[in-house]
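Presented below is the structure to which this report refers.
Protein chains: 2
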Amino acid sequence: MTTRTDELHSADGGRVTITDVARSVGVSVATVSKVVNGRYGVAPSTIARVQAAIDELGYETSLVARSMRGQSTANIGVLVSEFESYSAELLKGISEAIAGTGYGLLAYAGRRDDVTESGWERRSLSRLARTLFDGAIVVTPSTLITGSFGIPIVAVDPHSGPEGPHTVDSDNRTGAHLATEHLLALGHRRIGLLGGRDDLESARMRETGWREALDAAGIAPDAALIRVVGYRADLAEQAARELLSMPAGERPTAIFAANDRSALPVLDVAAEFGIRVPEDLSVIGYDDIPEAATASPPLTTIAQPLHEMGSAALTMVLDLLHGRETERHLRLPTRLVERSTTGPAPAEA
Amino acid sequence: MTTRTDELHSADGGRVTITDVARSVGVSVATVSKVVNGRYGVAPSTIARVQAAIDELGYETSLVARSMRGQSTANIGVLVSEFESYSAELLKGISEAIAGTGYGLLAYAGRRDDVTESGWERRSLSRLARTLFDGAIVVTPSTLITGSFGIPIVAVDPHSGPEGPHTVDSDNRTGAHLATEHLLALGHRRIGLLGGRDDLESARMRETGWREALDAAGIAPDAALIRVVGYRADLAEQAARELLSMPAGERPTAIFAANDRSALPVLDVAAEFGIRVPEDLSVIGYDDIPEAATASPPLTTIAQPLHEMGSAALTMVLDLLHGRETERHLRLPTRLVERSTTGPAPAEA
DNA sequence: CTGTTAGCGCCTTCAA
DNA sequence: TTGAAGGCGCTAACAG
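Line order of the protein sequences matches chains A and B. Numbering-wise, the first sequence is residues 1 to 349 according to full-length UniProt numbering. Numbering-wise, the second sequence is residues 1 to 349 according to full-length UniProt numbering.
Below, the structure written as C-alpha cells:
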C-alpha cells in the first residue's frame, strides 16, 4: 500500500498519461508500459518505483490508445439504435452471460438523427469495430451487414435470412400464429394488424403468420384493417385512432400489434374513445417487454425469450471469437402470455 | 448516388482506413481528411473523387482515432457496474433525453471481476474519459470520485453527500419513512430490515429512515431483525432463510428490503417455507424496477423516478459541458406503490 | 535491464 | 490547392 497522497494529477486537470508516470519516476514510457503489462525484463526496484508512482497518480492505461495499437480490447460491443425496453432486456441477458468471461461490455447508440438514416449499424460498426471491441452484437439491424469488419458479428432479430452474419432470433411466424389463433378461438373475425418495420424479417414473418392463421380459418385478410406502423408507438397511436373511428360494424373487434410498443397506445386510444378492453376490443401484442405486464389492463402478448436471446448471442460471438463451432442461425421459441386485454368477441349488433 | 459496388474493402477483411481511401484516389490522407471534415481548400473535382471513393469503400472515420487526436467525441458515457434492471431503467431515461442533442450514448460495464473490486468507477473513468466521451454519468459509484478527469461528471445515487461531483438521487430517507410507516399503519411491530450496500449513501439513508420511523412509533429497532445484504439477491435469500426460520413469536411479521432486488427473493423463500404473503408476512421493497410489478404476488414498493433521474442526470452533464448553470445536487421525490405483498399484521398466537 | 524507434488512424499546422 | 510532418497515448521490436 502506498501513502495515497491521492490524485496529484498532471496539473491541468487532464487525464494522467503514461508519460506523466514516466516523467515522475524518471524512466522511459516503454519501461512504464512493461510494468503495467507485466512484461519481463524490468528490475524489481524499478517495478516498485513505477508501481508507486502509478498508485500515487492514479494512472490507468487508456483503453482507446491501447486498442489503437492493435491489441485485443477484451470488450464486446452491443449496437442498438436506442435504449428502450426491447434492447434493454436483451442487454440484461447479455450482461448476465458475460460474467466470468473476462470481457467487458460496451453498448452504443449513435446520435439519434444518425440512427434514423438506414445503415446506422454499418456505420457504427465501421467507426468502432476492431478498434474498440473484439466482437459485436447488433440489435435489429435494418440493413444487411455485408463485408468484413475484422471482428465476429452476431445479429439479433436481423434484417434477413440465411445470408449475412450469424443470427439469433425467435420464431416469429409461429408466434404470430399463436396470437392470431388465440383471437380466432375467442370468436374474433375482424382482426386488425399493426404491422412492424417492413425492413425487418421479424415484421414480415409476423405478418405472414397472421395471414396464414386467418387463411386457415377461412378468413380473407381485410386490407382496410392493416396499418404499417413500423414498431413505433406514435404511428401506432395514429393508426389506432383511424381503426377505432370506424363504424361499429366495420371496426375490428381485435387488434394484433406486431410489437408491444405499438400495442400499448391502442389501449390508451381505446380508453379515450370509451371502448372497453377486452369487452369491446381485444388487443394482443408481441415481445413481452416489462411494460406489457404493468399496462392497465395488463397486455396479453407473445413472449420472446429476450434474456435467453441476449445470452445466446453473447455465447455465439465468444464462440466465433475463439474459433469454436457455432450454429449459424439460432431460433428460439415464443409463447402466449394471456393477461387481460383479450376476451370473447362481442356479439354483433 | 454512387453505383455502390459495395464494400470492396481493403483485401484482408480489416477496417477501411483513411489511408485506403487516399491510396485509392491517389491523394494524400490530409486531403481525404479535409473532405471528410468539410474543410476549405479542396478543389471541387477532388472532393467529388474522394467522396466517390468513400462511398465505394464504405469508409467511416474511426471514433477512436479521431478522439485520440483530441477532438470532442460527441458522446456521453454511462458507467455502470452491470446491466440490470436498475441501471437499465436509468439508461432508458437517459436515452430518451439525449434525442435531439446531437450526442451519442456509450454505456460501459467493465469486466465483472474488475468491477467487484472497489474503485471500478474511478478506473473506468480513467480508462475512458476524454478519450471516448465528452461527459459521463456514473451509476452508484461506491467510491468518492476525486480528482479531475478532464470532463464533466454526474453521479447517480452516489457514495456520499456534498463533496465530490454533481449528483442526482432521490429522497431515500423520506422513501424509507414512507415504507416503514405503511407497515406500521398496518399494525406491524416486528419489522425486519434487509440493508443495502453500506458504501452507498442511499443505503444508509434508507436505514436511517427505517430507524426514525420506528423511533417515532416508540419501537426500538431490534438488532436481531437486521441483515445487511448489500442490495444483492443471493445474500437476501440467505438472510430471508435466517429471518423466516425464527420461531413464530420472534419472526418479523414484515420485512423492509432496501431494494427490490433483495425483496424479491424473500417472496420465494416465504413460498418455500409455506409462509403466506401478505397474510403471514408483509414485504415491501424499494426502487420499483419492472420485476416488482410482475412478481407474484406483485411487490409493494417505494418507487424512485428512475427515468426522470436518468434524464435529469443527462441534462446536468450537458449543462456542465456547455458551461451553463446547474444545481450541484438534484433530489427527486419517491412514492409508495401499494401492490399485493403488504397487509394487516397477523394476530399474535 | 533500459531506452530508442516505429507506427496504430486521424487531424492540424505549415510549406510547397 | 495539395502534401509532408508532427503528435495524441500506447506497445512491441530491437538496440545498447
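Beta carbons are placed, not taken as given, at the ideal position from N, Cα and C, and that holds for glycine.
Cutting at 7 Å between CB atoms, please list the residues of its own chain near residue i, excluding the five before and the five after it.
{"i": "I94(A)", "result": "V78, L105, I137, G310, S311, A313 and L314"}
{"i": "L184(B)", "result": "A213 and A217"}
{"i": "Y103(B)", "result": "A74, N75 and I76"}
{"i": "Y85(B)", "result": "Correcting the residue identity first, residue 85(B) is Ser in this sequence and not Tyr. If we look at S85(B) and ignore the five residues flanking it on each side, its Cβ neighbours are I289, P290 and E291."}
{"i": "S67(B)", "result": "T73, T131 and L132"}
{"i": "G110(B)", "result": "W120 and S124"}
{"i": "E181(B)", "result": "A213"}
Assuming residue i contacts residue j (C-beta within less than 8 Å), just tell me the rounded distance between them.
{"i": "V283(A)", "j": "V266(A)", "result": "5 Å"}
{"i": "L318(B)", "j": "A258(B)", "result": "Not confirmed; about 31 Å, so no contact."}
{"i": "L200(A)", "j": "S126(A)", "result": "About 21 Å separates the two Cβ atoms, so there is no contact after all."}
{"i": "I18(B)", "j": "V29(B)", "result": "5 Å"}
{"i": "T167(A)", "j": "V154(A)", "result": "7 Å"}
What residue range does the beta strand (DSSP E) around residue i cover?
{"i": "G209(B)", "result": "From DSSP, G209(B) is part of no beta strand (DSSP E) but of the alpha helix (DSSP H) over E201 to A216."}
{"i": "I284(B)", "result": "S282 to D287"}
{"i": "V139(B)", "result": "G135 to V139"}
{"i": "G192(B)", "result": "I191 to G195"}
{"i": "I153(A)", "result": "I153 to V156"}
{"i": "V228(B)", "result": "I226 to V228"}
For residue i and residue j, what's the separation of their Cα atoms in angstroms?
{"i": "V25(B)", "j": "V50(B)", "result": "6 Å"}
{"i": "L336(A)", "j": "D169(A)", "result": "17 Å"}
{"i": "H307(B)", "j": "I275(B)", "result": "35 Å"}
{"i": "P158(B)", "j": "P346(A)", "result": "54 Å"}
{"i": "Q238(A)", "j": "A271(A)", "result": "14 Å"}
{"i": "D280(B)", "j": "W120(A)", "result": "54 Å"}
{"i": "L244(A)", "j": "I302(B)", "result": "37 Å"}
{"i": "N37(A)", "j": "R123(B)", "result": "16 Å"}
{"i": "R261(B)", "j": "S87(A)", "result": "21 Å"}
{"i": "P247(A)", "j": "I98(B)", "result": "41 Å"}
{"i": "V277(A)", "j": "T342(A)", "result": "7 Å"}
{"i": "I47(A)", "j": "G196(A)", "result": "59 Å"}
{"i": "T208(B)", "j": "A176(B)", "result": "8 Å"}
{"i": "K34(A)", "j": "G135(A)", "result": "27 Å"}
{"i": "R23(A)", "j": "T61(A)", "result": "16 Å"}
{"i": "E327(A)", "j": "T253(A)", "result": "42 Å"}
{"i": "P210(A)", "j": "D198(A)", "result": "Going by the sequence as given, residue 210(A) is Trp instead of Pro. Roughly 15 Å separates the two Cα atoms."}
{"i": "L231(B)", "j": "I219(B)", "result": "The sequence given here places Tyr at residue 231(B); Leu does not occur at that position. Going by the C-alpha atoms only, they are around 25 Å apart."}
{"i": "L186(A)", "j": "P344(A)", "result": "5 Å"}
{"i": "P305(A)", "j": "T174(A)", "result": "14 Å"}
{"i": "D12(A)", "j": "F149(B)", "result": "For D12(A), the pLDDT reaches just 49, beneath the cut-off of 50, and the residue's location in the model is therefore unreliable, leaving the point undetermined."}
{"i": "I145(A)", "j": "E163(A)", "result": "9 Å"}
{"i": "V64(B)", "j": "A65(A)", "result": "8 Å"}
{"i": "R15(A)", "j": "M316(B)", "result": "22 Å"}
Under a three-way DSSP split, which group does residue i fall into?
{"i": "R331(A)", "result": "strand"}
{"i": "T300(B)", "result": "strand"}
{"i": "Y59(B)", "result": "coil"}
{"i": "L184(B)", "result": "helix"}
{"i": "A236(B)", "result": "helix"}
{"i": "N75(B)", "result": "strand"}
{"i": "H166(A)", "result": "strand"}
{"i": "I275(B)", "result": "coil"}
{"i": "A257(A)", "result": "strand"}
{"i": "L336(A)", "result": "strand"}
{"i": "V42(B)", "result": "coil"}
{"i": "V115(B)", "result": "helix"}
{"i": "V269(A)", "result": "helix"}
{"i": "residue 352(A)", "result": "What is shown of chain A runs 1 to 349, which leaves residue 352(A) out entirely."}
{"i": "T101(A)", "result": "coil"}
{"i": "A53(A)", "result": "helix"}
{"i": "E242(A)", "result": "helix"}
Between which two residues does the alpha helix (DSSP H) harbouring residue i extend?
{"i": "R123(A)", "result": "W120 to L128"}
{"i": "L314(A)", "result": "L306 to L321"}
{"i": "G104(B)", "result": "Here G104(B) belongs to no alpha helix (DSSP H); instead the beta strand (DSSP E) covers G104 to A109."}
{"i": "R23(B)", "result": "I18 to V25"}
{"i": "A88(A)", "result": "S85 to I98"}
{"i": "residue 351(A)", "result": "Outside the modelled stretch of chain A, which goes from 1 to 349, sits residue 351(A), for which no answer is possible."}
{"i": "V32(B)", "result": "V29 to V36"}
Just to confirm my understanding: we take residue i, look at its own chain, exclude 5 residues before and 5 after, and list those with CB closer than 6 Å. What are they?
{"i": "S340(A)", "result": "P297 and P298"}
{"i": "residue 350(B)", "result": "This structure gives no information on residue 350(B), because the portion of chain B shown stretches from 1 to 349."}
{"i": "V229(B)", "result": "L194, L235, A236, A239 and S262"}
{"i": "F273(B)", "result": "L244"}
{"i": "P333(B)", "result": "D171"}
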